[in-house]
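**Q**
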Amino acid sequence: MRTTHWIRTTLLRTAVVACAMTAGVAAAQVTEWKFFTYFPPNDKPAQLNRAFAEDVAKATGGKLKITVLAAGELPYKAADVVKAVANNQVQMGDVAVGFAAGDVPDLNVLGLPFLCTSYDEFHKALPAVAAAADAQLAKKFGLTVGIHWTMPPQNFWLNRPVARLEDLKGLKVRTWNPEQVEMMKLLGGSAVSITSAEVIPALERKVIDGAITSALSANDWKAYEIVKTGYMVNMTMGHQVMLVNSAELAKLAPDVRAALQAKMKEYAPRYRTMSEDGDKAARANLVANKVNLVDPTADDRKRARTIMRPMWDAWAKKHGAVGQQLLDGAMKACGAS
């Protein structure tokens, strides 16, 4: 009897240890990542980022859990995203290439004003730009680009009436990349650098006369409570990249990594749909809230491109052979001359 009891006890202990080891292995297989987006929590891009993260968790059977943290939830701003992901403070991040100009100034060719001004033009130009962007971010920062996408066209949102290009002279306008700063100089205005969260209070206090952003962001910010005019020049698209720390990506089990990459490929067109649908809905809501959307004349569009052309050439010269290659490819794709 004692022998039988000893055997049963030993088997039970062995089973308990085995279960504990199995649980430990299972727990070890769960990888938790942080994904920072500079958009406010309720903005459309932040919402889609969370949907993406939830889908990745399902696709990996819970082996990869991505927590999306939006503006205000971590002590980072848009300009910090590249380095935050590179330093593994977060494992993923979403940033506009224009905001990352301090880190990769030679990649913002699609941010050159009046060069590529529509979704179709952006996506035609992307093949000429994406490879250089991917290589630069990988070499300089150890980052992998998961998705290239674009925010809607960038326009002027002003607390006063504007009908012509000349009306921008003397105005103080919030800009968010060096190319926009130079553009405001060429148009006779001045650039002001403030965060997204500061835009509406600054417009209300008349510290600034206007801000450059998309209709989608203007609507999400409820800018219609202050803004009187949207001057819809479609100066640029907002080139965005979803970044991943390459070293952390390499650590994932092959099946988990493959599932993540498949989801990135699947979601790329969803970001375009979100952007386009959001732009249409935002414009409609801004009009409903009595914001006057003013389209520039054909002459003003043509003149704006003519004014900016020397700026394009100076940008390409500054960034050498790569800059010229990117400019030539973008101009060809976007029908600019």
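Note that our numbering has the sequence shown beginning at 16, numbered continuously upward.
Backbone N, C-alpha and C define an ideal beta-carbon position, used for all residues, glycine too.
#1: Check whether the stretch 105–121 touches the stretch 184–201, taking contact to mean three or more Cβ pairs, one atom from each stretch, closer than 8 Å.
#2: May I ask which residues mark the beginning and end of the alpha helix (DSSP H) holding Val144?
#3: Opposite Arg189 in the DSSP bridges: which residues?
#4: Tell me which same chain residues have a C-beta within less than 6 Å of the C-beta of Ala336, skipping the five on either side of it?
#5: Beta-carbon separation of Trp172 and Val242 under 7 Å?
#6: What does DSSP give as the partner residues of Asn260 in its beta bridges?
#7: Starting from Trp236, trace the beta strand (DSSP E) both ways and give me its first and last residue.
#8: Return the first residue and the last residue of the beta strand (DSSP E) that Met250 is part of.
#9: Could you tell me the alpha carbon to alpha carbon distance between Val71 and Lys278, rounded to whole angstroms?
#10: Looking only at its own chain, which residues have a Cβ that is under 7 Å from the Cβ of Ala319, when we skip the five neighbours before and after it?
#11: List the residues that DSSP assigns as beta-bridge partners of Lys57.
#12: Helix, strand or coil: which one does DSSP assign to Met36?
#13: Would you mind working out which of Val271, Asp343, Arg287 sits nearest Lys73, comparing C-alpha positions?
#14: So, helix, strand or coil for Gly245, using DSSP?
#15: So, under 8 Å CB-CB, Gly253 and Gln151 are touching, yes? Tell me the CB distance rounded to an integer number of Å.
#16: Looking only at DSSP bridge pairs, what is Glu47 linked to?
#17: Quick one: any contact between the stretch 134–148 and the stretch 260–270, if contact means 3 or more CB pairs under 8 Å?
#18: Judging by CA-CA distance, which residue of Pro167, Gly185, Asp118 is the nearest neighbour of Lys154?
#19: Going by Cα to Cα distance, which pick from Pro55, Asn234, Leu183 is closest to Asp311?
#20: From the DSSP secondary-structure annotation, give me the bridge partner or partners of Val110.
#21: Excluding sequence positions up to five away, which residues of its chain have a Cβ less than 7 Å from the Cβ of Lys49?
#22: Output yes or no for whether 7 Å exceeds the beta carbon distance between Gly108 and Val100.
#23: Beta-carbon within less than 7 Å of Val222's beta-carbon, same chain only, minus the 5 sequence neighbours each way: which residues are those?
#24: Roughly how many whole angstroms lie between the Cα atoms of Pro325 and Lys266?
#25: Consult DSSP for Leu391 and reduce its assignment to one of helix, strand or coil.
**A** Reading it off the structure:
#1: The answer is yes - the stretch 184–201 touches the stretch 105–121, with three or more Cβ pairs under 8 Å.
#2: 134–156
#3: According to the DSSP secondary-structure assignment, Arg189 is paired through a beta bridge with Val207, Ala226.
#4: none
#5: yes
#6: Leu158
#7: Run containing Trp236: none; DSSP gives neither H nor E here.
#8: Element bounds for Met250: n/a, residue is neither H nor E.
#9: 7 Å
#10: Phe129, Leu180, Val248
#11: Residue identity differs from the one stated: residue 57 is Asn in this sequence, not Lys. The partner list for Asn57 (beta bridge, DSSP) is empty, contrary to what the question assumes.
#12: With a pLDDT of only 45 at Met36, under 50, the local geometry of the prediction cannot be trusted, and the value read off the model is given with reservation. Here Met36 sits in helix by DSSP.
#13: Val271
#14: strand
#15: That pair is no contact at about 19 Å.
#16: Lys80
#17: Fewer than three pairs of CB atoms, one per stretch, sit closer than 8 Å, so the stretch 134–148 makes no contact with the stretch 260–270.
#18: Asp118
#19: Note on residue identity: the sequence assigns Pro, not Asp, to residue 311. With respect to the C-alpha of Pro311, the residue from Pro55, Asn234, Leu183 having the closest C-alpha is Leu183.
#20: Val256
#21: Thr82, Leu84, Val105, Gln106
#22: In this structure, Val100 lies closer than 7 Å to Gly108 by Cβ.
#23: none
#24: Straight-line measurement puts the Cα of Lys266 at about 46 Å from the Cα of Pro325.
#25: For residue 391 there is no data in the structure shown, the boundaries of the chain being 16 and 352.
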